[in-house]
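Take a look at the structure set out below.
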Amino acid sequence: MYSLPEISIDCPYCGESISILIDASCGSQEYYEDCSVCCSPILLVIAVDALGELSGIEARRDDAC
Ligand SMILES: [Zn+2]
């Protein structure tokens, strides 16, 4: 049985800590998750290593320049 790890990240917009579920079985991926506090679209960059383990997660603003 596979359980999704729950990760806490800091929202890059409002700075609040939010919990997200990562499905590492899909490999490295990028997707948007709306902040549950300010509803802004957070770009999540998920890195998964060759063993299928979560190796890194980054939360970015969509409007960074
Ligand atoms: Zn937020």
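Following our numbering, the numbering of the sequence shown begins with 1272 at its first residue and continues without gaps.
All C-beta atoms, glycine included, are put in the ideal place defined by N, C-alpha and C.
What span of residues does the beta strand (DSSP E) with residue i cover, start to end?
{"i": "Y1303", "result": "1300–1305"}
{"i": "A1330", "result": "1325–1332"}
{"i": "V1319", "result": "1312–1319"}
{"i": "L1292", "result": "1288–1292"}
{"i": "S1279", "result": "1277–1281"}
Among the options, which one has its Cα closest to the Cα of residue i?
{"i": "S1299", "options": "D1305, D1334, G1327, R1332", "result": "G1327"}
{"i": "L1322", "options": "S1296, R1332, V1316, S1311", "result": "S1296"}
{"i": "A1330", "options": "S1274, L1275, S1279", "result": "S1279"}
{"i": "E1287", "options": "L1325, D1334, P1276, D1305", "result": "D1305"}
Buried or exposed: where does residue i fall if 16 or more other Cβ atoms within 10 Å of its Cβ makes it buried?
{"i": "C1282", "result": "buried"}
Report yes if the CB atom of residue i is closer than 8 angstroms to the CB atom of residue j, and no otherwise.
{"i": "V1319", "j": "E1301", "result": "no"}
{"i": "L1350", "j": "P1276", "result": "The displayed coordinates of the chain run from 1272 to 1336. Any statement about residue 1350 would go beyond what the structure contains."}
Using a strict less-than 6 angstroms threshold between each residue's beta carbon and the heavy atoms of ligand 1, what residues do you get?
Going along the chain, the residues that qualify are C1282, Y1284, C1285, E1287, C1306, V1308, C1309, S1311.
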